[in-house]
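Each remark here refers to the structure printed beneath this line.
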Amino acid sequence: MDEFNRIKLKSLYNTRDLGGMPAENGTVIKEGLLYRSGRLHKLPKSTAKTLSDLGIKTIIDFRTDVERNEKPDTVIKGVNYINCPLVCTATPGITYQEKIRHTFKEEGKILYETYGTADNYMIQMYRNMVTDLESVKALKKFFNIILTVDGGVLFHCSSGKDRVGVCSAILEHLLGVNEELILKDYAVSAVFWRRKYFWYKVGIALAPATLKFKKIILCIMKTKKLYIEKTMEYLEETYGGIKEYCKKVLSLTDDDLNALKTRFLEKRAH
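Residue numbers (this note's numbering): 633 to 902.
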């Protein structure tokens, strides 16, 4: 692993152990229990073996049925796979499956007429991840899983930056990680995405779409701290903060919050 706790694996460019992050009262997140990642499609045997050797017993997939069917996770023996789809659209009531049926031209028109800018679109998409009824169900399920299973848990979406980014930020806050580190952990996905982003830019440049829409798509593929900052601001203004949101909306109790800390925190080694 490197300074960002990134696990360097063939075919995986954004897989990290949350372990080692400083939390509250001189504690750190335990290593080997919480991993974040992008999709685990067509993994080489060596990569699958490494994930197994890390003690990962549960994999939580935030992707939709369409995404999973198109690029299913590599099956690793002894690992329990759980589907937990999070909304990844700025338009309430419209699923990812419906969105991908739009042509470039149609989708570009929707984005501009409704949101005006790509940033506005992304800010709304992130907000929907914490307010959409299906997403709330998924987040409740996520916390129930990590509170009850044994061994390491890896949670992932497609790229490991948006859906995983929101979920990681909430979890890290509940464990007492300060906001500066939460934002840093979120933003570092851009570092690992650089090479992938370059090739996406090449592909989009050749796509049959307007320049305006191409700019929107490129913006959506970026990792901007603005998106997670606005999400945290929304939770603060609407619910009184992330912790209160988790209590009021995700139905987490004080006992649940204490159990999270007991399971995932340890005293920092001196």
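Glycine residues also receive a C-beta, built at the ideal position from the N, C-alpha and C atoms.
Quiz item: So what's Asn-752 in DSSP terms, helix, strand or just coil?
Solution: helix
Self-check item: Per-residue DSSP class, three states only, for Ile-708
Solution: coil
Exercise. Have a look at Asp-649, Tyr-753, Leu-686, Ala-901 and flag the residue whose alpha-carbon is nearest the alpha-carbon of Val-711.
Key: Leu-686
Quiz item: Do the CB positions of Phe-787 and Phe-694 come within less than 8 angstroms of each other?
Solution: yes
Quiz item: Going by C-alpha distance, which of Gly-873, Arg-700, Gly-792 is nearest Arg-668?
Solution: Gly-792
Quiz item: Is Val-809 helix, strand or coil when you go by DSSP?
Solution: coil
Quiz prompt | For Leu-686, the three-state DSSP class (helix, strand or coil) | solution = coil
Quiz item: Given Asp-705, which residues of its chain have a CB within under 6 angstroms of its CB, disregarding the five upstream and five downstream residues?
Solution: Leu-672
Quiz item: According to the Cβ coordinates, are Glu-812 and Thr-659 closer than 8 angstroms?
Solution: no
Practice problem: Counting only the same chain and skipping the five closest in sequence on each side, list residues whose C-beta sits under 6 angstroms from that of Lys-731. | Solution: For Lys-731, the predicted structure reports a pLDDT of 49, less than 50, and the residue's modelled location is therefore unreliable. A value from the coordinates is still provided. Hits under 6 angstroms: Thr-721.
Exercise. Answer with buried or exposed for Asn-701, where buried requires no fewer than 16 other C-beta atoms within 10 angstroms of its C-beta.
Key: exposed
Quiz prompt | Own chain partners of Gly-664 with C-beta closer than 8 angstroms, once the 5 adjacent residues on each side are dropped | solution = Asp-649, Gly-651, Leu-686, Gly-687, Gly-784
Quiz prompt | Whole-angstrom distance between Tyr-877 and Tyr-871, CA atom to CA atom | solution = 5 angstroms
Quiz item: Three-state secondary structure (DSSP) at Arg-638?
Solution: strand
Self-check item: Alpha carbon of Ile-777 to alpha carbon of His-805, nearest angstrom
Solution: 18 angstroms
Quiz prompt | Ser-800 to Met-853 span [Cα, whole Å] | solution = 18 angstroms
Self-check item: Separation of Lys-681 from Val-798, as counted between CA atoms
Solution: 28 angstroms
Quiz item: Under a Cβ-count criterion, where at least 16 other Cβ atoms within 10 Å of its own Cβ denotes burial, should Val-762 be classed as buried or exposed?
Solution: buried
Self-check item: Cutoff 7 angstroms; reference Lys-642; Cβ partners in own chain excluding five residues on either side
Solution: Pro-676, Ser-678, Thr-679
Quiz item: Should Asn-646 be labelled buried (16 or more other beta-carbon atoms within 10 Å of its own) or exposed?
Solution: buried
Exercise. Can you tell me the Cβ-Cβ gap for Ser-767 and Val-698, rounded? I've got them flagged as a contact below 8 angstroms.
Key: Wrong, their Cβ atoms sit about 16 angstroms apart, outside the cutoff.
Exercise. Using the Cα positions of Lys-846 and Glu-745, report the straight-line distance between them to the nearest angstrom.
Key: 16 angstroms
Quiz item: For Ile-661, which residues from the same chain have a beta carbon less than 7 angstroms from its beta carbon, with the 5 sequence-adjacent residues on both sides left out?
Solution: Leu-650, Gly-651, Gly-652, Met-653, Ala-655, Leu-807, Phe-896, Leu-897
Quiz item: Rounded to whole angstroms, how far is the Cβ of Leu-779 from the Cβ of Ala-891, which I believe are closer than 8 angstroms?
Solution: 6 angstroms
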